[in-house]
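S.K.: To start, I am sharing the structure in question, which I have written as structure tokens.
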Amino acid sequence: MDENSLIYGLELQARALTPQYGESNDVCFFIATNSLKPTNQVHLIQYEEEQGSVQSKVFEHALGEVWKLNSCPRNPRLLASVYNVQKGAQVLTKAALFTLPENLNPDPEQLKSEYLPWEQVEVLDTEALGERVKTIEFHPNQDTLACVVDNKVAVMQRAESSTRVVAEVPASGSSSGSAKHTQHFTSGKWSHHHQGHQFLTLQDGNLSAYDVRDTQHCAWSINDAHGQMVRDLDCNPNKQCHLVTGGDDGYLRIWDCRMPKAPVFERSDHSHWVWCVRFNTFHDQLILSSSSDCKVLLTCAGSVSSETQVQAGLDESNFSGADAEERHKLLPDGLLQTFDQHEDSVYCAEWSNVDPWIFASLSYDGRVIISKVPKQYKYQIIF
Amino acid sequence: MAETKANPFDMDSSSFDAEKYLERLLKDCSLKQIMDTEAAVVKDTQTLHSDMQTLVYENYNKFISATDTIRRMKDDFKQMETDVNLLMTKMQSITTFSEQITGTLQGTRSQLCRLSEKHSLLKRLQFLSTLPAKLKSLIEEQNYAQAVQDYLHAQKVFAQYGRQPSFDGIQRDCDAIMADLKEQLRSDFQRAGNTAQSLTEIGELLLQLDEKTSDLASEMLTCAGKRLHEQIVMLQDQTERDMLEFVDMGIDGFLNDLALVVTSYFDMFVAKHYEHERDDFQENALQELNVFLNQNIEKYLTLVQDRVESDIGYGDTQVMLRALDRLHRRLQAMRNICRGLEVQRNTVSIIISAAHQLCDAHAKNLKDHFADSLSAVRLSLVSAKSDAAAGLNLGDLISNLYVSMVEKIKGVLQDLLIFLRTDWSFNIKAEHKGALCVEGIRENLLIGFLRHIAKVMCGFGDASSSSPPNLLLVLSKTCLELEQQGVHILIALVDDLYEIDSENSATLTHETEICAEMRETAQSLLDAYVRLQGTNISQMLRKSVETRDWLNCLEPRSVRAVMKRVVEELGSIETVVASLYEANTNATSGFRTTASSDSSRKTYFSNFASTSKPQYRSNWSNYTPSQLESSYVSNIHRLFSERVEIFTSVEFTKASIIMGIIKIGLKTLLECVRLRTFSKFGLQQIQVDAHYLQMNLWRFVSDENLVNFLLDEILGSAVQRCLESVLMEPNAVEIICERG
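These protein sequence lines are chains F and P, in that order. If you count by this note's numbering, then the first sequence holds residues 1 to 383, one letter each, in order. If you count by this note's numbering, then the second sequence holds residues 384 to 1123, one letter each, in order.
See the structure below:
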């Protein structure tokens, strides 16, 4: 096995992974299981780089199987999960907020079970909005949650002690007669730019951005981005208007939202659906993507990254031409590395928010692999 | 009797010896003989004697008459002497008379001589004095040549007697008239309307009139230049005429004039030597003529080239080439006439550029034709509603597209061959540029077109273009055919027709390059086809899984309709694909057709089941919930199995194509199943569906294991996603499936 990677195994199927965004010192990820068997778990794993080992804390997720996890960027202890519950002959998808305890290392004797206790569990009231919650998204810098439910996007203000809906954006066509199968949103994400006023949604093959200050205000949209379903998107944190999408056609595409007609960059290295795409927060030419072809790919899109401009500026001011060229031999665009240690579909892959060179990927069979960007690329980017 | 010459016995010879004769006679002969001889001798003697007498008598008579004659002559001579003496005296008197007459006539004769001299002088004077009038009348009659002749004649006289005042006046008059004439000639010379012929004549006259040679030379060229320019302008307007007429007009008008001007200039200025001009005048004149000639030829050929450029691709190439050929011959002839002059520009370059242009035009034509036939193919694909019918004529479509394309290219190649016909006076290939052009036919026209085909076809394979799947299949197959045959045929044809040695050329594109390109295109189109069909199947499966309420379904009694649709769809895809990609061997294809009939399927299925059952189907039937709980089984299974690549390249065989489609469909089903939650009956429905697929899909593919593996995964995932994992009895499943 590759010395660069470390495996952590779960006993159950899993499809939810998120870095602990609020944590700023240690490389930590949350993982949640997705199983119909009684006890689903949430694992908080911490990667110890020196020892090359993983420390884990296991919590019980008693509410049901987890489909999606999100951690709060401003509060390391806050976590949102989307889970299935059975209600009679129906399956509902609901959402809850979990708060970690202050002390993660309690006395073993005090523990009643094998699991650590939550400090607080708050089930969000989403039943009024719809049956199926797709995701709960923390606003990057406000105490606001966005909740994607069925064909609605609701924004919940948490400034007050309780949550309440301040904006509701019904999906287009939801009011039409074909109520049997309306086009539901499949996912959503806050835009890092536009003063946090835009929320990006995915709906089958379409991508639309809504301005949350108004209702039903579609700022822009990219239609039929992948021919088939768009599975995931991510915003370039360092470059306005740039976002990456992955879809059922196996393509990875980078778009400039000002030019919705055609992508500015595309690759088709995956041989099946792309389930997850992520920009590296620090070096946004690095893009991580995972797919049901059991692979995690590291792709370089230097030509459309924010660093091209910065470096060009630096070159002109600081270095003489030849020197600068030698120093900044940009990585070529394209596939950098294939990580194929997974044996099943990889539904999640996430960069660490602490160390820009570490990422975790999670396959359906419950295998978490923590990997590093290969050294040669790392050095090429740094120097 | 007498035998030898000196026979002393021969009486007739001079050496006759009578004694010996007698002696021998007496000795040899008998008496009788002697007697006879004696008688004969006597007789002879008598005869001779009488003969002698007669002769003497005759001679005597003659002598007497001669004596008489001489006597008479003596008398006559005396008379004659007196006559001659008389004549002598008479002649003497005549001589004296004649002397007398001569003396008297001497004076008159010298006078007569003077008179006749004066007469001729007067005649000449008269000529001179009437010269001005004569010149005028001659000029009026436009008989310039005579006038100049007369004037030149008079000129000599003037040169002799010019000092006398009376002549001076006449000379001045003449000079004035001639100056006028010169002026007029000059203006004629400069007038643009002159033909080259008259220009030459006037030039000659002016030269005789002592015009300054160098001025005249340059003037002649400018005038001729103007005239030629007019002709060019005139030619420019002849747009409605066809090329042949156009060139004929150019040859008759422009080139003939040009040739005339050039030759007369050459004769007038270059070939002759002028005393009073500088030494290098001839050289300069030649040089100027050269420049002039080249300028005009250049102008004309530019015009021709423009014409050719505007005509090419529209008119008949043969006519045009015939015209150009004629022009080429003419210019060649002209080059021979104007020896010592060099015509820089060549008609061959025009022809070559025409060939280039025609190539381009043809290339465009080909592309248009290709686009047309592509849209025709699309149209017929769209209009062919039922898949079965489409399956039948897909092959026709391909062969139509392929054949029409190949034939069209062949036609074009034949068409262009006209440039190389051996009966043209020019030989394109002889020139470097021409050879390049011929190679250009290969490179730009043929190879370029083939590349264009590949590119355009590739465009259809793009994920973004929404082409009907059968179009992709047709195009892919066409590319494959091109790769396997067409490219070779066409390149061999062009190499053969144009005698290009492509094998040993470093610059020419090799056949294999194009073949590789074609194959790549065929591959990408086929992959696009598989992806598209796979996506269609996927969509059906995805919708069916997503919209169904798996928690609240009833116990499965039948296979879901969508599975049947999928199998049907695959069946129709198979027939379409099979019409293009026959199975590898006849044996298997025969096997497949029987397998597809309903009754035999069962038997084959049971065969299949008995052989491969233990290996694969045991997996499901033996699953128990406890085993399934830990996903080790499937994990271990996965460890030992090959990783399945879903969106990958397929081979050019039916089985591989269908397998590619099935893989995409089944993987979709797997992913969709994993997103749902199943009740017991939901799971059983999946079990039934999976079994049905297994029953029906194996006959499409060469590697059943892969299908079974994917179906295992699906059922495994469904088990994991099931609230109450209880599988159906395998027998019950089989019964349901066989019921259909």
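Even for Gly, the Cβ is constructed at its ideal location relative to N, Cα and C.
So Lys261 (chain F) is in the alpha helix (DSSP H); what residue range does that whole segment cover?
M.R.: Position 261 of the first sequence holds residue 261 (chain F). Lys261 (chain F) -> no alpha helix (DSSP H), and no H or E assigned at all.
S.K.: Can you tell me the Cα-Cα spacing of Lys378 (chain F) and Thr1060 (chain P), whole angstroms?
M.R.: Position 378 of the first sequence holds residue 378 (chain F). Position 677 of the second sequence holds residue 1060 (chain P). The alpha-carbon atoms of Lys378 (chain F) and Thr1060 (chain P) are separated by roughly 42 angstroms.
S.K.: Below 8 angstroms between beta carbons is the criterion; list the residues of the segment 82-112 of chain F that meet it against any residue of chain P, in chain order.
M.R.: Listed by position along the chain: Asn84, Gln86, Ala89, Gln90, Val91.
S.K.: If the cut is a Cβ gap below 8 angstroms, which residues of chain P does Ser271 (chain F) touch?
M.R.: Your numbering for residue 271 (chain F) matches position 271 in the first sequence. Within 8 angstroms Cβ-Cβ: Glu1028, Ile1029, Phe1030, Thr1031.
S.K.: Nearest-angstrom Cα distance between Ile897 (chain P) and Leu863 (chain P)?
M.R.: Numbered from its first residue, the second sequence carries residue 897 (chain P) at position 514. Numbered from its first residue, the second sequence carries residue 863 (chain P) at position 480. Taking the straight line joining both Cα atoms gives about 12 angstroms.
S.K.: Within the same chain, show all residues whose beta-carbon is closer than 6 angstroms to that of Ser289 (chain F), passing over the 5 residues directly before and after it, in chain order.
M.R.: Within the first sequence, residue 289 (chain F) is the residue found at index 289, counting from 1. So the qualifying residues of the chain are Gly246, Leu252, Val274, Val277, Leu297.
S.K.: Pull up the distance between the alpha-carbon of Tyr672 (chain P) and that of Ala746 (chain P), whole angstroms please.
M.R.: One-based indexing of the second sequence puts residue 672 (chain P) at position 289. One-based indexing of the second sequence puts residue 746 (chain P) at position 363. Before going on, a small fix: residue 672 (chain P) reads as Leu here, not Tyr. So the two alpha carbons sit approximately 43 angstroms from each other.
S.K.: Extract the residue ranges of the alpha helix (DSSP H) inside the segment 112-142 of chain F, only unbroken runs of 4 or more that lie entirely within it.
M.R.: Here no run is fully enclosed.
S.K.: Quick one: does Thr918 (chain P) have its CB under 8 angstroms from some CB of chain F?
M.R.: Here residue 918 (chain P) corresponds to residue number 535 of the second sequence, with the count starting at 1. Judged by the 8 angstroms Cβ criterion, Thr918 (chain P) is in contact with chain F.
S.K.: So the candidates are F:His192, F:Ser5, F:Gly9, F:Asp340; which of them puts its Cα closest to the Cα of Pro73 (chain F)?
M.R.: By one-based count along the first sequence, residue 73 (chain F) stands at place 73. The option with the nearest alpha carbon to Pro73 (chain F) is F:His192.
S.K.: Quick one: what's got a C-beta closer than 8 angstroms to Ser512 (chain P)'s C-beta in the same chain, skipping five residues either side?
M.R.: Taking the second sequence and counting its residues from 1, one reaches residue 512 (chain P) at position 129. Taken in chain order, the residues that qualify are Ile553.
S.K.: For Gln1077 (chain P), which residues of its own chain have a beta-carbon under 6 angstroms away from its beta-carbon, when the five flanking residues on both sides are left out?
M.R.: The sequence position of residue 1077 (chain P) within the second sequence is 694, counting from 1. Once the five neighbours on either side are set aside, the close Cβ partners of Gln1077 (chain P) are Leu1094.
S.K.: From the DSSP output, in three-state form, read off Arg253 (chain F) for me.
M.R.: Here residue 253 (chain F) refers to the residue found at position 253 when the first sequence is read from its first residue. Of the three classes helix, strand and coil, the one that applies to Arg253 (chain F) here is strand, per DSSP.
S.K.: In this structure, does DSSP put Pro374 (chain F) in helix, strand or coil?
M.R.: Within the first sequence, residue 374 (chain F) is the residue found at index 374, counting from 1. It is coil, neither helix nor strand.
S.K.: Give the C-beta separation of Pro939 (chain P) and Val1071 (chain P) to the nearest angstrom, bearing in mind that I take them to be a contact with Cβ-Cβ under 8 angstroms.
M.R.: Here residue 939 (chain P) refers to the residue found at position 556 when the second sequence is read from its first residue. Here residue 1071 (chain P) refers to the residue found at position 688 when the second sequence is read from its first residue. Yes, Pro939 (chain P) and Val1071 (chain P) are in contact; Cβ-Cβ is about 5 angstroms, under 8 angstroms.
S.K.: Counting only beta-carbon separations shorter than 8 angstroms, does Gln55 (chain F) have a partner in chain P?
M.R.: The residue labelled residue 55 (chain F) in the question sits at position 55 within the first sequence. So, not an interface residue.
S.K.: Can you find a C-beta in chain P that's less than 8 angstroms from the C-beta of Ser5 (chain F)?
M.R.: What you label residue 5 (chain F) is simply residue 5 of the first sequence in a count that begins at 1. Output row for Ser5 (chain F): interface = no.
S.K.: Taking the beta carbon of Phe480 (chain P) as the centre, do at least 16 other beta carbons fall within 10 Å, making it buried, or is it exposed?
M.R.: As a working mapping, residue 480 (chain P) is identified with position 97 in the second sequence. Flag for Phe480 (chain P) reads exposed.
S.K.: At 8 angstroms on the CB atoms, spell out the chain F contacts of Gln1103 (chain P), in chain order.
M.R.: Residue mapping note: residue 1103 (chain P) aligns to position 720 of the second sequence, counting from 1. Result: Gln13, Ser35, Leu36.
S.K.: How many angstroms separate the CA atom of Asn947 (chain P) from the CA atom of Glu957 (chain P)?
M.R.: As a position in the second sequence, residue 947 (chain P) is number 564, starting the count at 1. As a position in the second sequence, residue 957 (chain P) is number 574, starting the count at 1. Contrary to the premise, residue 947 (chain P) reads as Lys rather than Asn in this sequence. Approximately 15 angstroms between the Cα atoms of the pair.
S.K.: What are the residues that DSSP puts in a beta bridge with Thr33 (chain F)?
M.R.: Start at 1 with the first residue of the first sequence, and residue 33 (chain F) comes out as number 33. Partner(s): F:Ala14.
S.K.: Just confirm the distance between the C-beta atoms of Asp625 (chain P) and Val702 (chain P), as a whole number of angstroms; I'd bet it's less than 8 angstroms.
M.R.: What you label residue 625 (chain P) is simply residue 242 of the second sequence in a count that begins at 1. What you label residue 702 (chain P) is simply residue 319 of the second sequence in a count that begins at 1. Contact flag correct, Cβ pair sits at about 6 angstroms.
S.K.: Against Asn935 (chain P), what residues of chain F qualify as contacts under a CB-to-CB distance less than 9 angstroms, listed in chain order?
M.R.: Position 552 of the second sequence, counted from the first residue, corresponds to residue 935 (chain P). Within chain F, the residues near Asn935 (chain P) are Ala89, Gln90.
S.K.: Would you say Gln228 (chain F) lies against chain P (beta-carbon separation less than 8 angstroms)?
M.R.: What you label residue 228 (chain F) is simply residue 228 of the first sequence in a count that begins at 1. Taking Cβ atoms only, chain P reaches closer than 8 angstroms to Gln228 (chain F), which makes this a yes.
S.K.: Within the 8 angstroms Cβ cut-off, does Arg931 (chain P) reach chain F?
M.R.: Position 548 of the second sequence, counted from the start, is the residue given in the question as residue 931 (chain P). Not one chain F Cβ lies under 8 angstroms of Arg931 (chain P).
S.K.: Under 8 angstroms between C-beta atoms, does Asp387 (chain F) make it to chain P?
M.R.: The structure shown does not extend to residue 387 (chain F), since chain F spans only 1 to 383, so no value can be given for it.
S.K.: Note down, in chain order, every chain P residue with its Cβ under 9 angstroms from the Cβ of Tyr21 (chain F).
M.R.: The residue labelled residue 21 (chain F) in the question sits at position 21 within the first sequence. What Tyr21 (chain F) touches in chain P: nothing, since even the nearest Cβ is about 26 angstroms away.
S.K.: What number of angstroms, rounded off, separates the C-alpha of Glu402 (chain P) from the C-alpha of Asn390 (chain P)?
M.R.: The residue you call residue 402 (chain P) lines up with position 19 of the second sequence. The residue you call residue 390 (chain P) lines up with position 7 of the second sequence. One C-alpha to the other measures close to 13 angstroms.
S.K.: Below 7 angstroms between beta carbons is the criterion; list the residues of the segment 279-310 of chain F that meet it against any residue of chain P, in chain order.
M.R.: Within the segment 279-310 of chain F, the qualifying residues are Ser292, Asp293, Cys294.
S.K.: For Leu1080 (chain P) versus Ile1045 (chain P), is the C-beta distance shorter than 8 angstroms?
M.R.: Stepping through the second sequence from its first residue, residue 1080 (chain P) is reached at position 697. Stepping through the second sequence from its first residue, residue 1045 (chain P) is reached at position 662. Yes, these two residues count as a Cβ contact at 8 angstroms.
S.K.: Given a cut-off of 8 angstroms on the beta-carbon distance, is the pair Asp224 (chain F) and Gly205 (chain F) in contact?
M.R.: Position 224 of the first sequence holds residue 224 (chain F). Position 205 of the first sequence holds residue 205 (chain F). In contact: Asp224 (chain F) and Gly205 (chain F) (Cβ atoms closer than 8 angstroms).
S.K.: So, for Arg77 (chain F): in the same chain, excluding its five sequence neighbours on each side, which residues have a beta-carbon less than 6 angstroms away from its beta-carbon?
M.R.: On the first sequence, residue 77 (chain F) is found 77 positions in, with the first residue counted as 1. Excluding positions up to five away in sequence, the list reads Thr99, Leu100.
S.K.: Would Leu855 (chain P) and Leu908 (chain P) qualify as a contact pair, given that the criterion is a beta-carbon distance under 8 angstroms?
M.R.: Within the second sequence, residue 855 (chain P) is the residue found at index 472, counting from 1. Within the second sequence, residue 908 (chain P) is the residue found at index 525, counting from 1. Yes, the pair counts as a contact, with Cβ atoms nearer than the cut-off.
S.K.: With a 10 Å radius around its C-beta and 16 neighbouring C-beta atoms as the bar for buried, classify Phe460 (chain P) as buried or exposed.
M.R.: Residue mapping note: residue 460 (chain P) aligns to position 77 of the second sequence, counting from 1. Counting Cβ neighbours within 10 Å, Phe460 (chain P) comes out exposed, since fewer than 16 surround it.
S.K.: What does Tyr364 (chain F) reach in chain P if we use C-beta pairs closer than 8 angstroms?
M.R.: Translated into positions along the first sequence, residue 364 (chain F) becomes position 364. Residues of chain P passing the Cβ test: Arg1057.
S.K.: Here's a check: name, in chain order, each residue in its chain whose Cβ is nearer than 7 angstroms to the Cβ of Gln120 (chain F), leaving out the five neighbours to either side.
M.R.: Counted from its first residue, the first sequence places residue 120 (chain F) at position 120. So the list reads Thr99, once near-sequence residues are dropped.
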